[in-house]
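A short write-up of the structure that comes next.
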Amino acid sequence: MDAIAVRGVRKVFGATVALDDVNLTVAEGEVHGFLGPNGAGKSTTIRALLGQLRVNAGEAKIFGLDCWTRSVAAHRRLAYVPGDVALWPGLTGGASIDVLGRLHGGADPRRRRELIERFALDPTKRTRTYSKGNRQKVALIAALATNADLFLLDEPTSGLDPLMEEVFQQCVRELKNDGRTVLLSSHILSEVEVLCDRVSIIRRGTVIRTGTLADLRSHTLTRVAAVTRRPVAGLDRLDGLVDLGVATRPDGVHVGFRAGPDALGEAVGRVAAAEPASLTVQPPSLDELFLASYRGDAVSDATAGARR
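Structure, rendered in structure tokens:
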């Protein structure tokens, strides 16, 4: 059974279509990245999973439980961290963790103490004195100290410094090792790249791409740069290459281009035959994949009619 199954979901607010035929599947034990800019539909999808709004069409289920009609049962199996945490200003951080923990079904005391130490939080201070990052720590500790099966994390590291982001990443890896499921919505693409098994990209209320990074990279272009001792023969006649640049310098022939998967092997082979002193083959980063998805830059688009 999938941890999350969203099929054909549509949500309309007046004249605004927030979600338009959204399909999203997250397998049990998977860390799944959910990407898109502000207004793309990420938080609306998560609100539907939390049972906070009723969709106009389609279905959203958590472990087979309908998120609207069986939200109470679904909430027993999940923990949620929003990107903008509001706490009770008169309570201490520790008391707030306890209240949030009870909402999640109860926190493990040992795990709670460990997380407070790891996230370097002073639980004795009133939350009114906390920075945004410390408020975020409270929500993270309260969620991560539970025994939830599913963690819905919507921009969870907002306000955290790089050291605390590393602690968060360690915690997510521990959840995965324990067989827990994580849906991670984040603007920090490097964070998603190192943590997630699969990624879904949402644009204008529709999931436009889903897959592993390898799957997504198979539809984009790989960047190649080399310095060779001899000119590279025939690159200008090879289909599937874009941005080809060649310059002869004292240290050799500098060659650079981007290639689709069908042309990559032959192109690199021709470079290798020219006795390279250096050769770099760089697959697209998640940042590039994300931007390409939003520009519509598939391999077929980028290479259609291009031979440079």
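Take 51 as the starting number for the sequence shown in my numbering and just add one per residue.
No residue lacks a Cβ here, since even glycine has one placed at the ideal position from N, Cα and C.
| query | Short check: CB of I96 to CB of I147, under 8 Å? | reply | Not in contact: I96 and I147 (Cβ atoms no closer than 8 Å).
| task | Would you tell me roughly how many angstroms separate the C-alpha atoms of E80 and T278, rounded to the nearest one? | result | Distance between E80 and T278, taken at the CA atoms: about 43 Å.
| task | Could you tell me whether the Cβ atoms of L263 and V249 are closer together than 8 Å? | result | The answer is yes: Cβ separation under 8 Å.
| task | Note down the Cα distance separating T119 from Q102, rounded to an integer number of angstroms. | result | Their Cα atoms are separated by approximately 11 Å.
| query | Can you name the residues that DSSP bridges to P326? | reply | In DSSP, P326 forms a bridge with T278.
| task | Just mark P206 as buried or exposed, buried being the case when its beta carbon has 16 or more other beta carbons within 10 Å. | result | Under the 10 Å beta carbon count, P206 is surrounded by 16 or more other beta carbons and is classified as buried.
| Exposed or buried, which one is N184 when buried takes at least 16 other CB atoms within 10 Å? | By the 10 Å Cβ count, N184 comes out buried.
| Proximity to I54 [Cα-Cα], best of E109, E338, V222, G290 | Residue E109 is the option with its Cα nearest to I54.
| field | Residues that DSSP places opposite T231 in a beta bridge | value | Answer is L200, bridged to T231.
| task | Taking all protein chains shown into account, decide if F63 is buried (16 or more other Cβ within 10 angstroms of its Cβ) or exposed. | result | Burial call: exposed.
| message | What does the Cβ neighbour count give for M51, buried or exposed, with the cut at 16 atoms within 10 Å? | response | Counting Cβ neighbours within 10 Å, M51 comes out exposed, since fewer than 16 surround it.
| task | Could you tell me the boundaries of the beta strand (DSSP E) in which I258 lies? | result | I258 -> beta strand (DSSP E) spans 256 to 261.
| said: I need the DSSP call for K226, collapsed to helix, strand or coil. | reply: Helix at K226.
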